[in-house]
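Down below is the structure, laid out as C-alpha cells.
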Amino acid sequence: MNIRIIDYSELEKMSNEELDSLGAVQHRGFKRTSTNDLMAARFAPLKEIVPGYVYGGFTILAGRQKLGKTWLAIDWAVAVATGGVAMGSVDCVAGDVLYVDLENGPRRIQGRIRALFPEDQPLPDMSRLEWVTEAPLLNGGFIERMELWRTSVRQPRLVVIDVLQRIKPPGNKTQNAYESDYSTWAPLQKWATKHGVAVLGLHHLKKGGADDPLEALSGSNGLSACADTTIVLNQDQNGKTLYVRGRDIEEKETAVIFVTGRWSIAGNASDVRRSCERAVILAALTDNAEPMTPAELSAATGKASANIRQLLFKMAKSGDVFRVGGGRYWVSAMDPSNSDNADNGGQ
-4 MNIRIIDYSE
6 LEKMSNEELD
16 SLGAVQHRGF
26 KRTSTNDLMA
36 ARFAPLKEIV
46 PGYVYGGFTI
56 LAGRQKLGKT
66 WLAIDWAVAV
76 ATGGVAMGSV
86 DCVAGDVLYV
96 DLENGPRRIQ
106 GRIRALFPED
116 QPLPDMSRLE
126 WVTEAPLLNG
136 GFIERMELWR
146 TSVRQPRLVV
156 IDVLQRIKPP
166 GNKTQNAYES
176 DYSTWAPLQK
186 WATKHGVAVL
196 GLHHLKKGGA
206 DDPLEALSGS
216 NGLSACADTT
226 IVLNQDQNGK
236 TLYVRGRDIE
246 EKETAVIFVT
256 GRWSIAGNAS
266 DVRRSCERAV
276 ILAALTDNAE
286 PMTPAELSAA
296 TGKASANIRQ
306 LLFKMAKSGD
316 VFRVGGGRYW
326 VSAMDPSNSD
336 NADNGGQ
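In our numbering, the protein residues as written are -4 to 342.
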C-alpha cells in the first residue's frame, strides 16, 4: 500500500469530503485517544524498586555533603541486588543493579561494602550489583552504554549515578538555565520511563537551603521538574529526614537514623519531631524541679514562645503535662511546691 504523508498546510485547504475520501492516509497530526478508550485501558502498577521511595523512572536523591547520600544509595543498591531489606525495614525484590560511582575508587567502594558487613558476617551474594568508575558525559554515549547493560542482564531494576554533575554536559547558551537543565536530563528520564528501570541520580543541595525542599536543589528547577521523583535528605535539630515528592507517589517525610554506615527508619518525621519536641519540654520541667510558665520554658529551651504555647496546649490535652495554676505547667496534676498538697497527702 502506498501511504501518502500530508502536512497540516495541505489539510487546512481540504474540505471535509476530501478528508473523508483519503482513506488510509497518515498525516502529521496528534495521536488522539478518546476518554472512553483511556478509561477502559489497564495500566500496570508502578514498578517498586525501593517501595515508598524509588520506582521505575528518574529519581533524584539530593542532600548536603557529608550527610551520607552515597551510603544510602549503596544501602538501596545492595538491598535490590540481593533481594534484601533497605534501611532496615523495606523489603526489596531482587534484580540487577548498576552503580556508576564517579567519585570513589575501587578501594573506597570495597571499604564501604565491608563496613556494612563486618568481618564476623559473611558477605551475601552481590554478583547482581556491578560497579562502573568511569563513564562518558550524558550526551557522549552514556545512555547507549546503559542500554547495553540493560540488554545484557536478566532483570534490570536500578541504575545509580553518583553524582549527576559528573555526567552533565555543558549547558546550551541559547537557553536559560531551566530550559538547559530540563533538556539535558530529559533523555535520561525518557529512557528510565520507557524501560521501567529506576535511575537514581545523586545531587547536592544549595548552601542556603529553601522553604520548599525541591527549591533547595543545586542549580535550576529544571532538574527536579524533569525527574519523576525527588528525594531530599536533610538534617535539622531533630535529626535526619528523607522528604519524598513525585508525580505518581504520595508525598511523605520519614525520620531516618545513620550510624556507622547503616541507615534505618525511625518513623514518620512529624511524629518523631513531635515526640522530640515534647521530650524537650518534659526534660526542661524535670530539670527545673518545679512548674514553669510558657515564657520560662521558651527561655529554657530556646524555642519560640508561640510554639511553646501551642505545644503545651496539645500536651495538656493529651495528659503529658498539667496546668497547675498561675499559668504554670508541671509533669503531674500536683504542684510539688504547694505545701498544702503534702499536708493533704498525709491525712
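Cβ atoms here follow ideal geometry from the backbone N, Cα and C, with glycine treated the same way.
Treat the numbers as computed from the prediction; the structure is a model and nothing was measured.
| Check | Outcome |
| --- | --- |
| Arg269 versus Asn31: straight-line alpha-carbon distance, rounded | 47 Å |
| Three-pair Cβ contact test at 8 Å for the stretch 222 to 239 versus the stretch 41 to 58 | yes |
| Contact between the stretch 197 to 213 and the stretch 161 to 169 (3+ Cβ pairs under 8 Å) | no |
| Euclidean distance between Cα positions of Gly322 and Ser265 | 28 Å |
| Residues near Ala279 in its chain [Cβ-Cβ closer than 8 Å; skip 5 each side] | Met287, Leu292, Ala295, Thr296 |
| Any 3 or more C-beta pairs closer than 8 Å across the stretch 125 to 141 and the stretch 92 to 103 | yes |
| Trp71 versus Val155: straight-line alpha-carbon distance, rounded | 9 Å |
| Residues bridged to Trp66 (per DSSP) | Note: Trp66 sits in no beta bridge, so no partner. |
| Under the three-state DSSP convention, the category Ser327 falls into | coil |
| Spatial distance of Arg242 from Gln184 (CA atoms) | 13 Å |
| Reference Gly320; option with closest CA among Leu212, Ala290, Met329 | Met329 |
| Short Cβ contact (8 Å threshold) for Ala68 with Val92 | no |
| Cβ shell of Thr169 (< 7 Å), same chain only, five flanking positions each side left out | none |
| Spatially closest choice to Ala261 from Thr54, Val88, Gly78, Gly83, by CA coordinates | Gly83 |
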